[in-house]
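Residue numbers (the numbering used here), protein chains in the order written: chain A, 1 to 154; chain B, 155 to 308. Backbone N, C-alpha and C define an ideal beta-carbon position, used for all residues, glycine too. This report refers to the structure that appears directly beneath it.
There are 2 protein chains.
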Amino acid sequence: MVPVTRWLDEREQRAWRSYLAMQAQLQARLHRRLQADSGLSYADFDVLVALTDREDDRVRVLELAEALQWEKSRLSHHLSRMQKRGLVERQECADDARGAFVALTREGRRAIEDAAPAHVEAVRELMFDGLDAGQVDALAGIAETVLGRIRAAG
Amino acid sequence: MVPVTRWLDEREQRAWRSYLAMQAQLQARLHRRLQADSGLSYADFDVLVALTDREDDRVRVLELAEALQWEKSRLSHHLSRMQKRGLVERQECADDARGAFVALTREGRRAIEDAAPAHVEAVRELMFDGLDAGQVDALAGIAETVLGRIRAAG
DNA sequence: CCAACCTAGATGATGTGTCAACTATTCCGG
DNA sequence: CCGGAATAGTTGACACATCATCTAGGTTGG
């Protein structure tokens with residue numbers, strides 16, 4: 001018995017194709033705009049936001065990787081590039097000599113504070129200003145459901 | 155008068171954060187799975203699907219770029235890599251000596267036909283099997299709205 | 001105490017995406 | 001026709017992501 005593929009039906013196909021298109025376009029637009037306005041990439045932005053979320057402005061590397069859901073090598077490479085640009089710095093960890101902290105620099109803080117308003121404005125303009133409250137909630141619900149399934153799938 | 159940033163309210167923030175997380179996780183999962191099962195990247199898959207959509211199994215490069223909404227240089231680089239792996243080939247264009255066709259090879263066809271069922275299954279498992287019909291339609295509606303705004307934003 | 005093992009993180013190779021610059025051809029106004 | 005502008009596509013440089021591997025420092029059972 002060869003298992004028969006359950007292809008997407010028309011409704012699903014429509015949703016999937018437009019989701020993919022939206023996702024790609026939205027990502028590209030927001031990224032380009034952020035980059036042009038502030039010189040930050042989307043990835044830089046995420047790292048900086050995660051850092052400003054801490055009252056210390058510093059975190060252990062793995063903890064940051066966890067928070068961002070990034071692989072540690074991705075983060076390590078990315079931090080090296082950001083460090084070269086002066087946005088973050090690495091600090092030794094006294095507790096565990098293997099470990100390291102990443103800390104926000106003054107320049108990093110300035111960069112995120114300068115970039116955030118225009119970025120939020122872009123998100124609003126491209127997404128939220130076009131959606132009604134029901135759609136916003138529906139989106140949250142869908143995303144949470146899918147995230148749950150992803151986690152369940154291990 | 156300094157314009158005041160209209161930050162996201164709580165409902166919007168919740169939707170935005172979960173959307174971003176879903177998007178990143180879903181992309182990563184599907185990509186990894188596709189790669190592991192078939193050796194194709196997501197991008198390869200998109201190119202191959204676009205090619206099989208033509209009855210000729212070949213397209214002009216820019217037309218393909220348009221269909222995929224990719225930048226032409228991205229496509230050009232990607233085609234070079236795919237060509238090196240034997241998935242597509244380039245053909246001269248008699249009408250316009252500047253132009254070129256990209257054509258599906260026998261190997262390319264085999265690759266996409268082998269990869270598609272498992273990919274659809276993964277999409278189903280991670281996304282559609284968890285959503286009800288209302289959510290599927292809501293997703294399509296949201297994506298279409300946002301796409302419209304993106305196009306409107308030029 | 002120390003050998004086997006585990007963990008934090010860095011690194012190198014390779015594939016991918018973006019931007020700017022380039023080449024070759026076609027188009028178009030005079 | 002012919003010279004300048006537009007068009008099709010490629011290329012090179014660089015930022016980014018992933019994988020496998022490596023190093024150095026911790027942890028634990030005997």
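- Taking the Cα of Ser192 of chain B as reference, the smallest distance to any Cα among B:His231, B:His273, B:Ala175 and B:Leu301 is reached at B:His273.
- Ile304 of chain B is not a Cβ neighbour of Val203 of chain B, given a cutoff of 9 Å.
- For the C-beta of Ile150 of chain A, the chain B residues within less than 7 Å are, from N- to C-terminus, Gln179, Leu180, Arg183 and Leu280.
- Straight through space, the alpha carbons of Ala94 of chain A and Leu104 of chain A are spaced by roughly 18 Å.
- Under the DSSP assignment, Ala140 of chain A falls in the alpha helix (DSSP H) whose first and last residues are Ala133 to Ala152.
- In the three-state reduction of the DSSP assignment, Val156 of chain B falls in the coil class, being assigned neither a helical nor a strand state.
- For Arg244 of chain B, there is no enclosing alpha helix (DSSP H); the enclosing beta strand (DSSP E) covers residues Val242 to Glu246.
- Rounded to the nearest angstrom, the gap between the Cα atoms of Ala297 of chain B and Gln91 of chain A is 43 Å.
- Chain B places no beta carbon closer than 9 Å to that of Ser76 of chain A, leaving this residue out of the contacts.
- Annotated three-state conformation of Leu194 of chain B is coil, per DSSP.
- Under DSSP, Ala257 of chain B takes part in a beta bridge, and its partners are B:Arg212 and B:Glu243.
- Membership of Leu233 of chain B in the alpha helix (DSSP H) is indicated by the continuous run Lys226 to Lys238.
- The Cβ atoms of Phe255 of chain B and Val290 of chain B lie no closer than 9 Å to each other.
- Distance between Gly130 of chain A and Val88 of chain A, taken at the CA atoms: about 36 Å.
- Assigned with DSSP and collapsed to three states, Gln27 of chain A falls in helix.
- Under the 10 Å beta carbon count, Glu209 of chain B is surrounded by fewer than 16 other beta carbons and is classified as exposed.
- Ala219 of chain B counts as buried, since no fewer than 16 other beta carbons sit within 10 angstroms of its beta carbon.
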